[in-house]
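Under our numbering, the sequence shown has 444 at position 444, and the numbering climbs by one with no breaks.
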Amino acid sequence: MNTAYKNFIKRSEEISFDLLHRKTIQFNMGKYDAAVERGMKRYKDIEKAKAHIAAKKRKALQNLDETLLTFEKNAIENGIHVHWAVDTKEALTHVNHIVRQKNAKKIVKMKSMTTEELEFNEFFEHENIEVIETDLGEFIVQVAGEKPYHIVTPAMHKSKKDVNELFHRLYDMDINSTAEEMTEFVRQLLRKKFTEADIGITGANFIVADIGGIATTENEGNGIMSASFPKTHIVLAGIEKVIPSMNDLAAFWPTLSVHGTGQAITVYNTIYTGARKQTEDFGPEEMHVILIDNKRSEILQEPFQSDSLACIRCGACLNACPVYRNIGGYTYESTYSGPIGSVLAPFYQGFDISGHLSYACTICGKCTEVCPEKIDLHMLLLHNRQKDVEELGNKGFFAFVMTVYQFFSLHASLFGIGMSNIKNFFARTFAKNGFGKKRSLPEFKEPFRNQFKKRKK
Ligand code: SF4
């Protein structure tokens, strides 16, 4: 068992029995569940909408190279500077180059999981550049010194009381401030940062090939301000975000929002097609798009797991997952958590580091059921397990145990021959914490085949 796996087991046990954490998550997830249920009712046939966007995305992925080149050509025609980055290092080097060129000191940033992948904030803070998260939830976790807990709602694990205490400690705010007062405080603080920043960073919900544009969707408008107040706008986007046409947004945007938050449509939906034109009064002077591979091409080669690239990061599978709901976002120790995170993390971090996440699943299939992209998530986790065994587990003690297990499985009658004591010895000695420290394994008594015979009689 490697260190990451040990930590995972330890942390899972702690967090599952943290009643305060459970209460906060259940409260926030409960609100989400109710909103999504209401949102789904607006659709005459939600399965049809899902099938439509799932097919569009698969088509884009099948022709990924072509679709990306179409985007690049159209984006360059729009005056956008397009850069390609094979990994996180190259992506950060591109941004750093622009930062140095502009002599930038301050960066404002929209919420973006791709930048989390790059550890963007840590990199630039190390370079003495101030990076300010401008999404309210991201801002809260940033000033708390934490990472996003959830891919859509980064501060889901915090109650209002937690934020009251945080803002009281950091900004000397009244401990009994209302949610509106705290939001207004952050709004005023950020307004100033937007006007001072040299560079604005956004992610991309969709890279729109036919118009050479970037589409984003958000609820607070902080993304629009990050992109339009500073003189330079940089987009960091994973290459799998590409869709063929602007017309596709009519289906993607509402399907994403109803699965992400239950909203019919998110409040601000924006398409960026370049810097300010000569006829325009506002907007950035330069726009850059950095297209990031970072293992995506490798995942694309996988016969089954390649389908995970169709993910539009709605977060629905996290909210549906009984494991995520119990162990929370931080236990995964990877950028992406929940079912989609468990599929992707071993490819990003290596099966030796996070292969165990593929086993953090009951195979209940709820994630697959809710996924708007119709990704067969629980089956992909089974494929990950197979890969994990093939790559890493097929040797040493594991191989020995499996050989013994195989022998008994193929000679099932041996299980029943006066072996209860031996089985109980092995269970007590080697698997006594199989269900965790708080639950004990039941004793083996009578072999199942004997019980079955008796019952049949
Ligand atoms: S895998 Fe599906 S449900 Fe999960 S975040 Fe991606 S699109 Fe949403």
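Just so you know, even glycine gets a beta-carbon here, dropped at the ideal spot from N, CA and C.
Between the CA atoms of residue j and residue i - distance to the nearest angstrom
i: S306; j: E77; result: 31 angstroms
i: T67; j: H356; result: 35 angstroms
i: T368; j: Y324; result: 14 angstroms
i: I46; j: M40; result: 7 angstroms
i: V99; j: A275; result: 17 angstroms
i: I340; j: R455; result: 43 angstroms
i: E196; j: R187; result: 14 angstroms
i: K461; j: E125; result: The structure shown does not extend to residue 461, since the chain spans only 1 to 457, so no value can be given for it.
i: E184; j: V258; result: 27 angstroms
i: E37; j: G79; result: 43 angstroms
i: G434; j: E285; result: 60 angstroms
i: A49; j: T255; result: 7 angstroms
i: C314; j: G238; result: 15 angstroms
i: G262; j: F8; result: 31 angstroms
i: L249; j: K445; result: 60 angstroms
i: T178; j: S12; result: 33 angstroms
i: K109; j: K437; result: 43 angstroms
i: I299; j: R169; result: 44 angstroms
i: A4; j: P148; result: 19 angstroms
i: G223; j: D135; result: 8 angstroms
i: K423; j: F448; result: 13 angstroms
i: A360; j: K73; result: 43 angstroms
i: I107; j: N121; result: 10 angstroms
i: L318; j: H150; result: 8 angstroms
i: Q101; j: F194; result: 20 angstroms
i: E90; j: T429; result: 50 angstroms
i: R385; j: A60; result: 28 angstroms
Local Cβ density within 10 Å of residue i, reported as buried at 16 or more and exposed below that
i: A474; result: Residue 474 lies beyond the stretch modelled for the chain, which goes from 1 to 457, so this question has no answer here.
i: P303; result: exposed
i: S112; result: buried
i: S409; result: exposed
i: F123; result: buried
i: S440; result: exposed
i: Q278; result: exposed
i: D18; result: exposed
i: D87; result: exposed
i: F229; result: buried
i: P372; result: buried
i: Y272; result: buried
i: H233; result: buried
i: V289; result: buried
i: V82; result: buried
i: V401; result: exposed
i: T24; result: buried
i: L69; result: exposed
i: Y32; result: buried
Closer than 8 angstroms: residue i CB and nearest the ligand SF4 heavy atom
i: R313; result: yes
i: L300; result: no
i: C39; result: In the sequence on display, residue 39 carries Gly and not Cys. Not under cutoff, so the answer is no.
i: E117; result: no
i: V370; result: yes
i: H150; result: no
i: G338; result: yes
i: A49; result: no
i: S308; result: yes
i: E373; result: yes
i: C317; result: yes
i: L377; result: yes
i: C364; result: no
i: H126; result: no
i: C361; result: no
i: H259; result: yes
Cβ distance (whole Å) where residue i is taken to contact residue j below 8 angstroms
i: A209; j: I265; result: At roughly 22 angstroms, the Cβ-Cβ gap does not stay under 8 angstroms, so A209 and I265 are not in contact.
i: K374; j: A320; result: With a Cβ gap of about 14 angstroms, K374 and A320 do not count as contacting.
i: I327; j: S16; result: 6 angstroms
i: D198; j: K231; result: 7 angstroms
i: I292; j: L236; result: 6 angstroms
i: A51; j: A310; result: About 12 angstroms separates the two Cβ atoms, so there is no contact after all.
i: T335; j: E117; result: 5 angstroms
i: T217; j: N164; result: That pair is no contact at about 29 angstroms.
i: R296; j: E220; result: About 28 angstroms separates the two Cβ atoms, so there is no contact after all.
i: I207; j: F71; result: 5 angstroms
Test: residue i CB closer than 9 angstroms to a CB of chain B
i: N219; result: Structure shown: chain B not included; a single protein chain is present.
Complete runs of the alpha helix (DSSP H) confined to the stretch 318-391 [at least 4 residues]: 322-327, 338-349, 351-354, 366-370 and 377-388
Any alpha helix (DSSP H) of 4 or more consecutive residues that is wholly inside the stretch 77-122: 88-101 and 113-118
Alpha helix (DSSP H) segments (min. 4 residues) lying fully within the stretch 1-42: 3-16 and 19-41
Ordered list of alpha helix (DSSP H) runs contained in the stretch 169-215, each at least 4 residues: 179-196
Continuous alpha helix (DSSP H) assignments of at least 4 residues falling wholly in the stretch 204-287: 222-228 and 249-260
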